[in-house]
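Here my numbering is used: position 215 in the sequence shown is 197, and no number is missing along the way. We put the beta carbon where it would ideally sit given N, CA and C, even for glycine. Structure first, then comments.
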Amino acid sequence: MSEKGSLLKNIFTYGISSATLVFLFLLAVIAARILGPEDFGIFSFALAFVFFFDFILDPGLYHLMIREVARDKAELKRYMLHAFVWKSIAIPAVFLLVVLFINLMHESTRIHYAVYLMAISSFIKSIKDVYRSALVAHENFKIEAVSSVIEKGGLLIIGGLVLFMGFGLYGLCWSFVIVRAVDLMIIHILSWQLLGKPWPKFHLEFLKDMLKAGIPIGAYYVTLNLYNYIDTV
């Protein structure tokens, strides 16, 4: 395939991935109608609240990995390993912060439970983003698009069914956790041929350099999250 044909194919495939956001919009419409003002407000709050901790989970590493691995694909496993190590450190720390702040802000156990479930689903998505960055850097948009359809299409189908069956707020939150966990397993399996073995050794200095390089990128997305979600919270 020519370079022009390959470019058009990649644009089309990545466009499919971006278009799957429509599924989340439709799910939000269904949830708003079925849950009612109070429970939909709790769900929206939980979703927005966990976004404020994204910067700790991913301080710019997703876009940094795409840039650096695209330049030198031999560095793929090195960046992925250190990103996974950071996630393993950040996830417990973020969960403790979530528990601390939500208990200071609200006394409602319904709000607490919804926030905890949405935080877990956010952690799963954050781990998946390591695979996504590897696929995008390798211009393997097909697998990335398949994963996006599975995740967002699955949320629409499973979340919609759960709501229509009357499982309410908790059922919707659990659907996010379950669908994203299944999607993570699928993208891991589909990416394994690309990743293979062996994996490099962990180096603390390399992780520090990654974080230093990623923080300016992550700061931009912190600003976006604040702008988009502070009014909801």
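Review point. In terms of alpha-carbon separation, which member of 147, 49, 22, 169 lies closest to residue 132?
Key: Comparing Cα positions, the closest option is 169.
Check your understanding: Going along the chain, which residues of its own chain have a beta-carbon closer than 8 Å to the beta-carbon of residue 167, five neighbours each way excluded?
Key -> none
Exercise for review: Over the uninterrupted alpha helix (DSSP H) stretch that includes residue 45, give me the two end residues.
Suggested key: 43 to 53
Exercise for review: Measure the beta-carbon distance from residue 46 to residue 196 and round it to whole angstroms, keeping in mind my assumption that it falls under 8 Å.
Suggested key: 4 Å
Exercise for review: Just confirm the distance between the C-beta atoms of residue 104 and residue 32, as a whole number of angstroms; I'd bet it's less than 8 Å.
Suggested key: 5 Å
Check your understanding: Would residue 146 be called buried (16 or more neighbouring beta carbons within 10 Å of its own) or exposed?
Key -> Residue 146 comes out exposed.
Check your understanding: For residue 182, does the three-state DSSP call read helix, strand or coil?
Key -> When DSSP states are grouped into helix, strand and coil, residue 182 belongs to the coil group.
Practice item. Could you check which residue in 68, 192, -3, 141 has the C-alpha nearest to that of residue 235? Key: Summary: the structure shown does not reach residue 235, with the chain confined to residues -17 through 215, and so no result is reported for it.
Practice item. State the start and end residues of the unbroken alpha helix (DSSP H) segment that holds residue 21. Key: Note, residue 21: alpha helix (DSSP H), 3 to 33.
Review point. Is there contact between the segment 70 to 78 and the segment 112 to 130, where contact requires at least three CB pairs shorter than 8 Å?
Key: no
Practice item. Could you give the DSSP three-state label for residue 88: helix, strand or coil? Key: Taken through DSSP and simplified to helix, strand or coil, residue 88 comes out as coil.
Practice item. Decide yes or no for the touch test of the segment 85 to 101 against the segment 24 to 31: beta carbon pairs closer than 8 Å, at least 3 of them. Key: Contact between the segment 85 to 101 and the segment 24 to 31 is present, with at least three C-beta pairs closer than 8 Å.
Check your understanding: Do you know how far the Cα of residue 112 is from the Cα of residue 44?
Key -> 7 Å
Exercise for review: Tell me, to the nearest whole angstrom, how far the beta carbon of residue 125 is from that of residue 172; I am working on the premise that it is less than 8 Å.
Suggested key: 5 Å
Review point. Any heavy atom of the ligand SAH within a distance shorter than 7 Å of the CB on residue 67?
Key: This structure lacks the ligand SAH, and indeed carries no ligand of any kind.
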